[in-house]
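149 is the number that numbering that gives the first Met the number 0 gives to position 150 of the sequence shown; each next residue is one higher, with no gaps.
Ideal placement from N, C-alpha and C gives every residue a C-beta, glycine not left out.
If you're wondering where the values come from, they're calculated on a predicted model, not measured in any experiment.
In what follows, a single structure is set out as structure tokens and then discussed.
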Amino acid sequence: MKQLFRILKEEGSIYVCSDWSTSTAIDLSLQKYFKVRNRITWEREKGRGALSNWKNASEDIWFATKSDTYYFNPDSVKLKRKVIAPYRVDGKPKDWEETTEGNFRLTFPSNFWSDITIPYWSMPENTDHPTQKPEKLIAKLILASSKPGDFVFDPFLGSGTTAVVAKKLGRKYSGTEINREYLLGAAKRLEMAESNLSIQGYQDGVFWERNSLSEMNRNKNFQTLSSEELFHETKFDAEHR
Ligand SMILES: C[S@@+](CC[C@H](N)C(=O)[O-])C[C@H]1O[C@@H](n2cnc3c(N)ncnc32)[C@H](O)[C@@H]1O
Numbered sequence: 000m001k002q003l004f005r006i007l008k009e010e011g012s013i014y015v016c017s018d019w020s021t022s023t024a025i026d027l028s029l030q031k032y033f034k035v036r037n038r039i040t041w042e043r044e045k046g047r048g049a050l051s052n053w054k055n056a057s058e059d060i061w062f063a064t065k066s067d068t069y070y071f072n073p074d075s076v077k078l079k080r081k082v083i084a085p086y087r088v089d090g091k092p093k094d095w096e097e098t099t100e101g102n103f104r105l106t107f108p109s110n111f112w113s114d115i116t117i118p119y120w121s122m123p124e125n126t127d128h129p130t131q132k133p134e135k136l137i138a139k140l141i142l143a144s145s146k147p148g149d150f151v152f153d154p155f156l157g158s159g160t161t162a163v164v165a166k167k168l169g170r171k172y173s174g175t176e177i178n179r180e181y182l183l184g185a186a187k188r189l190e191m192a193e194s195n196l197s198i199q200g201y202q203d204g205v206f207w208e209r210n211s212l213s214e215m216n217r218n219k220n221f222q223t224l225s226s227e228e229l230f231h232e233t234k235f236d237a238e239h240r
């Protein structure tokens, strides 16, 4: 923490992921140096069932800043949700949009994220790394807390998700990873990102709910995905409906 505080820009932000058992320690440790602003709970859905305890299916992501002057852009991370009870005033949609793909509302991001699954085997971004984060999750953090051209650093790169997403979103990036095999995998992903900038679940500047593939397919700019991605996405959506 001390070293991260040293290298972070005065107006920079830091995000630290943890599970329930380390979350309290992370919070206390962050508080020693940074201004802790929030804790995001990510419902990652998949978790190993246990007979004598609750299934562990969530993670905490602590958000802190170095000072009170920091960049935060909620408009860049809005969630496109299906409207369950379409409310109208004078016959017109109230705060939602009627489209040929369905009825949607753009909502401000909250600190509870239930729209992101861990990368499944059938997703193009999936690697062999055991704790790989989804690109969609990292994209939210990077978009909310940095501008294009800003610098993103991840001291625990793993499969390289942070660097890959930073690259796709036009940020500068750097990181460290102790395991050579993971590092080589990250380098490969960075190379692949040169010809494929798509981030599953993020399209036309908005994030889509889980299982929105059919609506995304019908979205007018869907042609940005390759036919191979289309195949994987369709398969993924069919499996998780
Ligand atoms: C939780 S994983 C990160 C996963 C990553 N966010 C992703 O999406 O793939 C943590 C990574 O930190 C690496 N690591 C552990 N200790 C390290 C150290 N002292 N320096 C650099 N990397 C380290 C591990 O090898 C592991 O790949």
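CA-to-CA distance, residue j to residue i, given in whole angstroms
i: phenylalanine 152; j: tyrosine 119; result: 25 Å
i: asparagine 37; j: glutamate 58; result: 14 Å
i: proline 85; j: threonine 68; result: 39 Å
i: lysine 31; j: phenylalanine 103; result: 42 Å
i: proline 133; j: serine 121; result: 13 Å
i: arginine 145; j: lysine 54; result: In the sequence as presented, arginine is not what sits at residue 145; that position holds serine. Each residue's alpha carbon lies about 34 Å from the other.
i: serine 66; j: leucine 7; result: 10 Å
i: isoleucine 137; j: valine 88; result: 37 Å
i: proline 123; j: threonine 99; result: 28 Å
i: serine 194; j: serine 51; result: 47 Å
i: lysine 187; j: serine 158; result: 9 Å
i: serine 22; j: lysine 77; result: 26 Å
i: cysteine 16; j: leucine 196; result: 24 Å
i: tryptophan 19; j: valine 35; result: 17 Å
i: threonine 64; j: phenylalanine 71; result: 10 Å
i: aspartate 74; j: isoleucine 177; result: 36 Å
i: alanine 143; j: lysine 79; result: 16 Å
Ligand 1 heavy atom lying under 8 Å from the CB of residue i
i: tyrosine 119; result: no
i: glutamate 58; result: no
i: glutamine 131; result: yes
i: proline 154; result: yes
i: serine 20; result: no
i: serine 173; result: no
i: isoleucine 6; result: no
i: glutamate 44; result: no
i: serine 158; result: yes
i: tyrosine 201; result: no
i: tyrosine 14; result: no
i: threonine 116; result: no
i: isoleucine 137; result: yes
i: isoleucine 25; result: no
i: tyrosine 86; result: no
i: asparagine 125; result: no
Coarse secondary structure for residue i, derived from DSSP in three states
i: glutamine 202; result: strand
i: alanine 56; result: coil
i: glutamate 314; result: Given that the chain is displayed from residue 0 to residue 240, the structure contains no residue 314 and the question cannot be resolved.
i: serine 20; result: helix
i: arginine 47; result: coil
i: isoleucine 25; result: helix
i: phenylalanine 4; result: helix
i: glutamate 10; result: coil
i: serine 75; result: helix
i: leucine 105; result: strand
i: isoleucine 141; result: helix
i: glycine 174; result: strand
i: alanine 63; result: strand
i: arginine 188; result: helix
Whole-number beta carbon distance between residue j and residue i, since they are thought to touch under 8 Å
i: threonine 175; j: leucine 156; result: 6 Å
i: alanine 185; j: alanine 162; result: 6 Å
i: isoleucine 115; j: lysine 91; result: Not quite, the Cβ-Cβ distance comes to about 32 Å (not below 8 Å), so this is no contact.
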